[in-house]
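Notes to accompany the following structure.
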Amino acid sequence: MAPRLTDIARELYSVPLPEFVSARNARAAGTSDPELAAQIRTLKKPSVAAWIVNVFAQERAPQLEEALQLAGELREAQEDLDARALAQLGRDRRALTNRLAEAAAELAETRGERVTASTRGAVQQTIAAAFFDPAAAAAVASGRLLRELEPSGDYEGDPDALVGGGPPQASEVAAAPRDEVKARRERREAERALRAAEQSRERAVRDAASADRSLRAATLRVEELDRRERELGAELVAVRRDATRARASLEEAQAEQESRARAVDDAEEAVAHARRGVEDRPAD
Numbered sequence: 034m035a036p037r038l039t040d041i042a043r044e045l046y047s048v049p050l051p052e053f054v055s056a057r058n059a060r061a062a063g064t065s066d067p068e069l070a071a072q073i074r075t076l077k078k079p080s081v082a083a084w085i086v087n088v089f090a091q092e093r094a095p096q097l098e099e100a101l102q103l104a105g106e107l108r109e110a111q112e113d114l115d116a117r118a119l120a121q122l123g124r125d126r127r128a129l130t131n132r133l134a135e136a137a138a139e140l141a142e143t144r145g146e147r148v149t150a151s152t153r154g155a156v157q158q159t160i161a162a163a164f165f166d167p168a169a170a171a172a173v174a175s176g177r178l179l180r181e182l183e184p185s186g187d188y189e190g191d192p193d194a195l196v197g198g199g200p201p202q203a204s205e206v207a208a209a210p211r212d213e214v215k216a217r218r219e220r221r222e223a224e225r226a227l228r229a230a231e232q233s234r235e236r237a238v239r240d241a242a243s244a245d246r247s248l249r250a251a252t253l254r255v256e257e258l259d260r261r262e263r264e265l266g267a268e269l270v271a272v273r274r275d276a277t278r279a280r281a282s283l284e285e286a287q288a289e290q291e292s293r294a295r296a297v298d299d300a301e302e303a304v305a306h307a308r309r310g311v312e313d314r315p316a317d
């Protein structure tokens with residue numbers, strides 16, 4: 034079976050961007066059908082953001098399809114939602130867009146492409162456009178996107194300007210059976226419950242670790258104070274012992290001083306008595 038232009042375009046739109054022109058021309062030169070070869074030569078080189086989305090759409094097709102199917106369900110369901118639910122829906126949609134855009138950028142970087150902040154933003158806006166507009170969703174899912182998209186754009190009128198190799202088919206974003214929709218919804222609810230439980234566990238683990246650190250610090254403080262108390266107790270005993278000895282030495286010194294003072298008084302009295310004896314005797 035001869036390859037179709039759409040299949041050839043998908044292949045070319047996922048080759049490294051610097052190689053696109055040479056790969057396109059080589060493929061056209063190797064095609065025996067002149068009409069198909071001419072069509073191949075008309076394929077335009079995609080922008081960097083479109084190329085990143087194409088690579089992601091081809092290599093991560095199940096992940097992208099699930100997200101686009103979910104986006105379609107949300108578009109249908111949002112008419113019945115209240116303001117609070119719509120606000121939550123918007124937050125969920127933005128979070129999903131961010132995750133997909135980040136995954137697409139990381140995939141492109143593994144293929145050697147340098148992804149700037151502005152390119153990441155263009156990829157994110159393109160995926161957001163696919164969430165809001167069915168035609169944009171078909172273009173993104175085709176893997177043949179030519180340029181980045183805007184969420185506020187209207188892409189129903191000129192599909193050839195969006196993709197190369199022929200207009201995208203809406204069937205490229207298949208509708209999921211209702212039981213699959215319910216299963217995915219239940220799975221998302223279970224995943225949210227799991228994330229909430231994991232977050233609670235992480236908080237509990239952090240709180241327990243903090244309590245352990247506080248306990249260790251308090252234990253070390255008590256041990257240090259106990260050690261200091263023992264040291265001061267031993268020092269107090271030694272001081273009391275030295276004070277007792279000092280008081281005893283003081284008493285001994287006082288007794289010695291009093292004894293010596295009495296001896297001095299006795300000596301003074303003996304001197305006075307002897308002097309009187311001398312004075313009472315006549316001189317020779």
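If you're matching positions, the sequence shown starts at 34 in my numbering and goes up one per residue.
Even for Gly, the Cβ is constructed at its ideal location relative to N, Cα and C.
Note that this is a predicted model, so its numbers are computed, not measured.
Where the alpha helix (DSSP H) containing residue i begins and where it ends
| i | result |
| --- | --- |
| L38 | 38 to 45 |
| P167 | 167 to 175 |
| S55 | 53 to 62 |
| E183 | Unbroken run through E183: none, as it is neither H nor E. |
| R74 | 67 to 74 |
Inter-residue Cα distance where the pair is residue i and residue j
| i | j | result |
| --- | --- | --- |
| F164 | A136 | 16 Å |
| I160 | R37 | 26 Å |
| G154 | E44 | 25 Å |
| A120 | R126 | 10 Å |
| E31 | R254 | The structure shown does not extend to residue 31, since the chain spans only 34 to 317, so no value can be given for it. |
| A316 | R308 | 13 Å |
| A82 | E92 | 16 Å |
| A276 | E284 | 12 Å |
| E106 | D245 | 48 Å |
| G266 | V272 | 10 Å |
| A194 | R117 | 37 Å |
| K77 | F53 | 9 Å |
| R211 | E109 | With a pLDDT of only 47 at R211, under the threshold of 50, the placement of this residue in the model should not be trusted; the figure read from the coordinates follows. The alpha-carbon atoms of R211 and E109 are separated by roughly 13 Å. |
| R124 | T130 | 10 Å |
| V304 | R278 | 39 Å |
| R234 | S243 | 14 Å |
| N58 | S151 | 30 Å |
| E231 | A237 | 10 Å |
| S247 | A229 | 27 Å |
| A288 | E264 | 36 Å |
| L178 | P200 | 10 Å |
| A251 | E257 | 10 Å |
| H306 | A286 | 30 Å |
| V86 | E189 | 20 Å |
| D298 | R274 | 36 Å |
| A281 | Q290 | 14 Å |
| R239 | T143 | 35 Å |
| E68 | A42 | 15 Å |
| V214 | Y46 | Summary for V214: the model assigns pLDDT 46, below 50, so the residue's position carries little reliability; its value from the coordinates is reported in the next sentence. Distance between the alpha carbons of V214 and Y46 is about 31 Å. |
| A169 | A241 | 49 Å |
| A70 | G63 | 8 Å |
| E301 | E268 | 48 Å |
| P51 | A174 | 23 Å |
Reference residue i, options the options, closest by Cα
| i | options | result |
| --- | --- | --- |
| V148 | L101, S80, L179 | S80 |
| L140 | A94, E106, S185, R60 | A94 |
| G26 | Q158, K77, G197, A305 | Residue 26 lies beyond the stretch modelled for the chain, which goes from 34 to 317, so this question has no answer here. |
| R33 | W84, A226, L69 | In this structure the chain extends from 34 to 317, so residue 33 is not present and cannot be described. |
| L133 | R144, R274, Q96 | Q96 |
| P184 | P201, A174, D166 | D166 |
| Q158 | R274, G310, Q287, G186 | G186 |
| R74 | A90, S55, F89, V86 | S55 |
| P49 | Q72, F89, A61, A168 | F89 |
| A172 | A70, L101, E142, A223 | L101 |
Residue i CB to nearest heavy atom of the ligand SAH below 7 Å
| i | result |
| --- | --- |
| G199 | With respect to small molecules bound, the structure shown includes none, and the ligand SAH cannot be examined in it. |
Beta-bridge pairing of residue i - partner residues as DSSP gives them
| i | result |
| --- | --- |
| V238 | Note: V238 sits in no beta bridge, so no partner. |
| V196 | L178 |
(message) In chain order, what are the residue ranges of uninterrupted alpha helix (DSSP H) at least 4 long that sit wholly in the region 126 to 168?
(response) 150 to 165
(message) Restricting to runs no shorter than 3 residues, where is the beta strand (DSSP E) found entirely within the region 76 to 122?
(response) none
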